[in-house]
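Participant: Numbering (the working numbering), first residue to last: 105 to 244.
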């Protein structure tokens, strides 16, 4: 379970880090790239190309800093975004799946349940009313 391992991504829109040295900022660069592009179709080859590194280096940085593969990092970020959308919007699960880069609602539900232990609908039902979402915390 990736989420239980404590892999929380900072939201970053600063893509300027993409222009600087990978050796010094590899983990931050990778995290920033995934934060910015998780809703798009991603694979490890495309991520390595976008970061101008080889796949071996990409996998090494992932394992050293996150103890995950590149695609596990992407999945983790997608599920974090999905949880946020489920808690803070009333959008249907199909929309949430597409918004986080997964076109197939059934596959999304399978992955979400594997990561959280609940289906997206059950997660929303159990957590949205507990003050965990922004929508709940802003009500008067």
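Every residue gets a Cβ at the ideal spot worked out from N, C-alpha and C, and that includes glycine.
Is the distance from the Cβ of residue 182 to the Cβ of residue 142 below 8 Å?
Facilitator: If you number the chain shown from 1, residue 182 lands on position 78. If you number the chain shown from 1, residue 142 lands on position 38. Yes, the pair counts as a contact, with Cβ atoms nearer than the cut-off.
Participant: Could you give the C-beta distance for residue 155 and residue 146, rounded to a whole number, given that I count them as a contact under 8 Å?
Facilitator: For this step, residue 155 is matched to residue 51 along the chain shown. For this step, residue 146 is matched to residue 42 along the chain shown. With 8 Å as the limit, residue 155 and residue 146 do not qualify as a contact, their Cβ atoms being about 12 Å apart.
Participant: Between the C-alpha atoms of residue 189 and residue 132, what's the straight-line distance to the nearest angstrom?
Facilitator: Taking the chain shown and counting its residues from 1, the one referred to as residue 189 is at position 85. Taking the chain shown and counting its residues from 1, the one referred to as residue 132 is at position 28. Spanning the two alpha carbons is a distance of roughly 24 Å.
Participant: If you draw a straight line from the alpha carbon of residue 176 to that of residue 158, how long is it in whole angstroms?
Facilitator: Position 72 of the chain shown, counted from the first residue, corresponds to residue 176. Position 54 of the chain shown, counted from the first residue, corresponds to residue 158. Pairing residue 176 with residue 158, the inter-Cα distance amounts to about 18 Å.
Participant: How many Å lie between residue 200 and residue 134 at the Cα?
Facilitator: As a working mapping, residue 200 is identified with position 96 in the chain shown. As a working mapping, residue 134 is identified with position 30 in the chain shown. Between residue 200 and residue 134, the C-alpha separation is close to 24 Å.
Participant: What do you get for residue 229, buried or exposed, if any count of 16 or more other CB atoms within 10 angstroms of its CB means buried?
Facilitator: On the chain shown, position 125 is the one that residue 229 refers to. By the 10 Å Cβ count, residue 229 comes out exposed.
Participant: From the DSSP output, in three-state form, read off residue 171 for me.
Facilitator: Position 67 of the chain shown, counting from 1, holds the residue named residue 171. The answer is coil: DSSP assigns residue 171 none of H, G, I, E or B.
Participant: Can residue 149 be considered in contact with the ligand COA, in the sense that its beta carbon sits closer than 7 Å to one or more heavy atoms?
Facilitator: As far as ligands go, the structure on display features none, and thus does not contain the ligand COA.
Participant: Residue 200 by DSSP, collapsed to three states: which one?
Facilitator: Here residue 200 is taken as the residue at index 96 of the chain shown, counted from 1. Looking at residue 200 - three-state DSSP - the assignment turns out to be helix.
Participant: Taking a contact to mean a Cβ-Cβ separation below 8 Å, would you say residue 209 touches residue 217 in this structure?
Facilitator: The sequence position of residue 209 within the chain shown is 105, counting from 1. The sequence position of residue 217 within the chain shown is 113, counting from 1. Going by C-beta atoms, residue 209 is not nearer than 8 Å to residue 217.
Participant: Helix or strand or just coil, what does DSSP make of residue 144?
Facilitator: Position 40 of the chain shown, counted from the start, is the residue given in the question as residue 144. Here residue 144 sits in coil by DSSP.
Participant: Give me the Cα-Cα distance between residue 202 and residue 195, rounded to the nearest whole angstrom.
Facilitator: Counting from one through the chain shown, the residue named residue 202 turns up at place 98. Counting from one through the chain shown, the residue named residue 195 turns up at place 91. Using only the alpha carbons, I get a separation of about 11 Å.
Participant: Check for me: the alpha helix (DSSP H) holding residue 226 runs from which residue to which?
Facilitator: Taking the first residue of the chain shown as 1, we reach residue 226 at position 122. Counting along the chain, the alpha helix (DSSP H) containing residue 226 begins and ends at 224-231.
Participant: Between which two residues does the alpha helix (DSSP H) carrying residue 209 extend?
Facilitator: Residue 209 sits at position 105 when you count from the first residue of the chain shown. Looking at the DSSP string, the run of the alpha helix (DSSP H) that includes residue 209 is 209-220.
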